[in-house]
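Residue numbers are given in this note's numbering: position 8 of the sequence shown equals residue 220, and the series is strictly consecutive.
C-beta atoms are modelled at their ideal positions from N, C-alpha and C, and glycine is treated no differently.
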Amino acid sequence: MGVYEVGHLIVQARQLARDYYQSTGKSLPGISAELARYDAASQLNLVLTEDPNCGYDALSREQPAQRLQIRGRVIFDPEKVNQRVGQLRLQKPWDGAVLVLMDPLFEATEMFIAVRQVIEEAAAETSAKRRAKGVLSVSKFRRLGRLVWSRETGRIDGSIWCPDGESSPERVGR
Numbered sequence: 213m214g215v216y217e218v219g220h221l222i223v224q225a226r227q228l229a230r231d232y233y234q235s236t237g238k239s240l241p242g243i244s245a246e247l248a249r250y251d252a253a254s255q256l257n258l259v260l261t262e263d264p265n266c267g268y269d270a271l272s273r274e275q276p277a278q279r280l281q282i283r284g285r286v287i288f289d290p291e292k293v294n295q296r297v298g299q300l301r302l303q304k305p306w307d308g309a310v311l312v313l314m315d316p317l318f319e320a321t322e323m324f325i326a327v328r329q330v331i332e333e334a335a336a337e338t339s340a341k342r343r344a345k346g347v348l349s350v351s352k353f354r355r356l357g358r359l360v361w362s363r364e365t366g367r368i369d370g371s372i373w374c375p376d377g378e379s380s381p382e383r384v385g386r
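So, in structure tokens, the structure goes:
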């Protein structure tokens, strides 16, 4: 392990991201992705992967382990529609995706999980260009997924994984 504790570096990264956004009106490239990975791993008890080419960002500790892609999105303007989730690597092996939503201070507010099959079915209904990129809107991901963590309540009781994709009390249909 390095000289610095990762949690301390994350606090500093959040502050740097805020300062940069306030100064430039733009996000620092890649910072929300790293913050999302850290937040999802710590709040959902995931193990982050070291190999960026394996197709997924983390493994669940639940049995059987699930391969998860993690995407983060800072919501600067809640009134703005059509905000997009980062590209999902549809050609790689993975089982589900976690979307970490953050406020303008780069703090996590909600986390949703959606299974691959549901994401692929939704992607098939989009334009060819978006389908090829594996791009979904934030609102669509929220409808497809289940709320598994929120800033107000913490982790929602039970498994984060619902492989059959069926509705549960935690399912959010916004």
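Would you kindly report the start and end of the unbroken alpha helix (DSSP H) that includes residue i?
i: residue 299; result: Segment: none, residue 299 is in no alpha helix (DSSP H) and carries neither H nor E.
May I ask you to list the residues that DSSP assigns as paired with residue i?
i: residue 348; result: Note: residue 348 sits in no beta bridge, so no partner.
i: residue 286; result: 314
i: residue 336; result: According to DSSP, which records beta bridges pairwise, residue 336 is partnered with nothing at all.
i: residue 320; result: 314
Quick check on residue i: does DSSP put it in helix, strand or coil?
i: residue 279; result: strand
i: residue 192; result: Outside the shown range of the chain, which is 213 to 386, sits residue 192, and nothing can be said about it.
i: residue 247; result: helix
i: residue 388; result: Nothing can be reported for residue 388: it is not among the residues displayed for the chain, which extend from 213 to 386.
i: residue 368; result: coil
i: residue 254; result: helix
Which residue comes first and which comes last in the beta strand (DSSP E) that contains residue i?
i: residue 219; result: Run containing residue 219: none in the beta strand (DSSP E); it sits in the alpha helix (DSSP H), 218–236.
i: residue 272; result: 270–272
i: residue 308; result: 308–314
Open item on the list: Is it the case that the stretch 266–273 contacts the stretch 221–241, given that we only count it when at least three CB pairs across the two stretches are under 8 Å?
Closed with: no
Task: Any 3 or more C-beta pairs closer than 8 Å across the stretch 238–256 and the stretch 309–326 - done: yes
Task: Any 3 or more C-beta pairs closer than 8 Å across the stretch 258–265 and the stretch 326–339 - done: no
Open item on the list: Can you confirm whether the stretch 289–296 touches the stretch 319–330 when touching is taken to mean that 3 or more C-beta pairs between the two stretches lie within less than 8 Å?
Closed with: Counting Cβ pairs under 8 Å, fewer than three are found: no touch.
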